[in-house]
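Single-structure report; data block below.
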Amino acid sequence: MSTNKVIDARGSFCPGPLMELITYMKQASVGDTLELLSTDEGSAADVPEWVAKVGHEMLGSENVDGVWHLKIRKAK
Amino acid sequence: MRILVVGGGTGGTIVANNLARRLSAEIRNRRVRLTMLSATDRHMYQPGLLYVAFGQMTPDQLYRDQRSLLESNIEFHVDPVEKFLLDQKKVVTKSGQTHDYDILVIATGSRIVPETVPGLAEGAETFYSEASAVKLFKKLREFEGGNIALVVGVPHKCPIAPVEFIFSLHDYLKLRGIRDKTNIKYHYPIGRMHTIANVATWAKPEFERMGIEIETLFNVKEVDAENKVVRSEEGTETQYDLLIAIPPHKGMEVIEQNNMGDGGWIPTDRYKLTMNGHDDVYVLGDTTNLPVSKTGSAAHFEAEVVAENIASIVKIGTPVRDYDGKVYCFIEAGHDRATYAMFNYTTPPDLKPASKPMHWFKTAYNQMYWTSVRGLL
Ligand SMILES: Cc1cc2nc3c(=O)[nH]c(=O)nc-3n(C[C@H](O)[C@H](O)[C@H](O)COP(=O)(O)OP(=O)(O)OC[C@H]3O[C@@H](n4cnc5c(N)ncnc54)[C@H](O)[C@@H]3O)c2cc1C
Chain S
470 MSTNKVIDAR GSFCPGPLME LITYMKQASV GDTLELLSTD EGSAADVPEW VAKVGHEMLG
530 SENVDGVWHL KIRKAK
Chain W
48 MRILVVGGGT GGTIVANNLA RRLSAEIRNR RVRLTMLSAT DRHMYQPGLL YVAFGQMTPD
108 QLYRDQRSLL ESNIEFHVDP VEKFLLDQKK VVTKSGQTHD YDILVIATGS RIVPETVPGL
168 AEGAETFYSE ASAVKLFKKL REFEGGNIAL VVGVPHKCPI APVEFIFSLH DYLKLRGIRD
228 KTNIKYHYPI GRMHTIANVA TWAKPEFERM GIEIETLFNV KEVDAENKVV RSEEGTETQY
288 DLLIAIPPHK GMEVIEQNNM GDGGWIPTDR YKLTMNGHDD VYVLGDTTNL PVSKTGSAAH
348 FEAEVVAENI ASIVKIGTPV RDYDGKVYCF IEAGHDRATY AMFNYTTPPD LKPASKPMHW
408 FKTAYNQMYW TSVRGLL
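So the sequence lines, in the order shown, correspond to chains S and W. Residues in the first sequence are numbered consecutively from 470, following my numbering. Residues in the second sequence are numbered consecutively from 48, following my numbering.
Here it is, written out as structure tokens:
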């Protein structure tokens, strides 16, 4: 059964949102959806870049009141 | 009131000593009982492992007897917890003892899990344990030139260690006169060479000046130890003669076995530092799931908040302050220079230029650590 997990990386300068995503991606199963919350402007670009390079699936990204909500499905 | 601290490393020791002082009267008149359970009677200064890897410290210099670091009014037992019965407010230890508590503090740290990456344990050296740091030093001493690759697992404690290691490696190889016979390649999991943006901005030209090759977006997928190749999730590979890894980490097995957090990371309130759903359980240091660097520094600042709040609960029935995400990290920058980064949830790190005095301060801190865990600094 696939699950949804929210990763709250708001205010994280180190390890930072992308490192947090990589951590939880390793724990997730194929088909799971991860929603990364980030206040780092860079996440809007660097998260999709990594997701594309590794071959997961970007489901959406939107900024709500200064917080990026990036949704990713683990594809492999 | 029974306060039970599980874990006698950086975070647990600071929290227990701080509580022992704040609550000395209450402990004396037996209103409060303060107990620590840990897995070992020795306390290791883990940052010293970086120096062991370069023959600048020997392992015995990294240890102190744990009891000697604790205030005398703390009951201390070497008896690791095996079961956390949070609903019954008790833990059961390896020896079969049951300890009840009113307030529980968990600071069990993290562990390296190289075995989660195929071939990594067989193919790579590391310096994240005493034995591995000594082994790496012996390898470096025997090294006569070739390709050295550094790869970084996720997550890992001490996020600055990969950068510091490269500065020290460059200096060490120069000293041995074999730097010009050695290629060093640094690999990093995300799209810049360090997760802290201005550490990356500062260190990249420094690395270029030292002739260090950099590959970003490199997450270790597997190591072929026989053919000496390391491959990434992103589809690239690097040939090496000596592979050095910052291994991936997990929290302690006991946390997973008790279903207290995936990967051994305990879901923790980022301000209150309580375990989600359990206001009587405080969590600090590496074992939290917070998006905060897994460092002794974070454990230290968290410990101060936790101790102040628990003492306030005893005295006035309520916690008094929040953790603001504070971390302060020294960064060794080679050539006897160092700098530091300080940040919290709302203030990004502002990096100062590396200097010799900062390096001397870090050198002094290697000794001051013992004063710091006693709570005297
Ligand atoms: C090579 C290296 C370099 C580093 N450099 C730095 C640096 O420069 N600056 C910095 O701030 N940090 C640095 N760190 C990180 C720092 O050492 C850790 O982040 C810090 O020790 C974490 O503190 P902690 O209290 O969470 O865990 P630890 O200090 O690891 O303590 C965990 C404790 O829990 C005990 N324990 C485990 N299981 C149980 C159980 N079941 N029951 C009871 N007790 C248990 C253990 O015996 C141990 O006493 C470095 C680490 C390494 C390895």
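Beta carbons: idealized from backbone N, C-alpha and C, even for Gly.
C-alpha distance - residue i paired with residue j, whole-angstrom precision
i, j, result
"V361 of chain W", "V328 of chain W", "15 angstroms"
"E349 of chain W", "G58 of chain W", "8 angstroms"
"A178 of chain W", "Q103 of chain W", "15 angstroms"
"M415 of chain W", "P294 of chain W", "28 angstroms"
"V270 of chain W", "I541 of chain S", "27 angstroms"
"D534 of chain S", "H241 of chain W", "28 angstroms"
"A67 of chain W", "N266 of chain W", "44 angstroms"
"K319 of chain W", "G372 of chain W", "11 angstroms"
"K141 of chain W", "G54 of chain W", "14 angstroms"
"P252 of chain W", "A513 of chain S", "26 angstroms"
"F174 of chain W", "R77 of chain W", "44 angstroms"
"I357 of chain W", "P366 of chain W", "7 angstroms"
"P127 of chain W", "I302 of chain W", "12 angstroms"
"S344 of chain W", "A208 of chain W", "14 angstroms"
"N473 of chain S", "N64 of chain W", "41 angstroms"
"L132 of chain W", "L84 of chain W", "15 angstroms"
"E162 of chain W", "H203 of chain W", "14 angstroms"
"L222 of chain W", "E262 of chain W", "26 angstroms"
"D333 of chain W", "G193 of chain W", "35 angstroms"
Bounding residues of the beta strand (DSSP E) (the contiguous stretch that carries residue i)
i, result
"M389 of chain W", "385-390"
"A178 of chain W", "It is not in any beta strand (DSSP E) - A178 of chain W instead sits in the alpha helix (DSSP H) that spans 177-189."
"V276 of chain W", "276-279"
"G137 of chain W", "First, the residue type needs correcting, since residue 137 of chain W is Lys and not Gly in the sequence shown. From DSSP, the beta strand (DSSP E) with K137 of chain W extends over 137-140."
"A292 of chain W", "289-293"
First through last residue of the alpha helix (DSSP H) which encompasses residue i
i, result
"H241 of chain W", "Taken as a continuous stretch (DSSP letters only), H241 of chain W belongs to no alpha helix (DSSP H), as it is neither H nor E."
"V536 of chain S", "It is not in any alpha helix (DSSP H) - V536 of chain S instead sits in the beta strand (DSSP E) that spans 536-542."
"N64 of chain W", "57-69"
"N413 of chain W", "403-420"
"R114 of chain W", "113-116"
"L528 of chain S", "Here L528 of chain S belongs to no alpha helix (DSSP H); instead the beta strand (DSSP E) covers 526-533."
"E303 of chain W", "300-304"
Closer than 7 angstroms at the beta carbon, the chain W residues around residue i
i, result
"I491 of chain S", "V201, P236, N266"
"L487 of chain S", "I237"
Residues bridged to residue i [DSSP beta-bridge criterion]
i, result
"G343 of chain W", "For G343 of chain W, which the question treats as bridged, DSSP gives no partner whatsoever."
"Y329 of chain W", "W:V152, W:T321"
"G193 of chain W", "W:T229"
"I378 of chain W", "W:T386"
"A72 of chain W", "Per DSSP, none; premise fails for A72 of chain W."
"R479 of chain S", "Per DSSP, none; premise fails for R479 of chain S."
Amino acids of chain S, ordered along the chain, whose beta-carbon sits closer than 7 angstroms to that of residue i
i, result
"G372 of chain W", "G480"
Under 8 angstroms from the C-beta of residue i: neighbouring residues of chain W
i, result
"D477 of chain S", "R317, P338"
Item to check | Members of the stretch 516-533 of chain S that neighbour chain W once the beta carbon cut-off is set at 9 angstroms | outcome: For the stretch 516-533 of chain S, the residues whose beta carbon sits under 9 angstroms from a beta carbon of chain W are, in order, E518, W519, K522, V523, G524.
Checklist entry - Which residues, in chain order, does the stretch 266-283 of chain W contribute to contact with chain S at a C-beta distance below 7 angstroms? => result N266, E280, E281
Next on the checklist: Closer than 9 angstroms between beta carbons: that is the criterion. Which residues of the stretch 387-413 of chain W meet it against chain S?
Outcome noted: Close to chain S, meaning a Cβ-Cβ distance shorter than 9 angstroms, are the following residues of the stretch 387-413 of chain W: A388, F390, N391, Y392, T393, T394, P395, P396.
Next on the checklist: Can you pull out the residues from the stretch 284-310 of chain W whose beta carbon lies closer than 7 angstroms to at least one beta carbon of chain S?
Outcome noted: Residues passing the 7 angstroms Cβ filter: D309, G310.
Item to check | Contact set between the stretch 137-169 of chain W and chain S, restricted to residues whose Cβ is under 9 angstroms from the partner | outcome: T163
Next on the checklist: Can you pull out the residues from the stretch 231-256 of chain W whose beta carbon lies closer than 9 angstroms to at least one beta carbon of chain S?
Outcome noted: P236, I237, G238, R239, H241, T242, I243, A244, V246
Item to check | Within 8 angstroms of chain S by C-beta, residues of the stretch 203-231 of chain W in sequence order | outcome: P206
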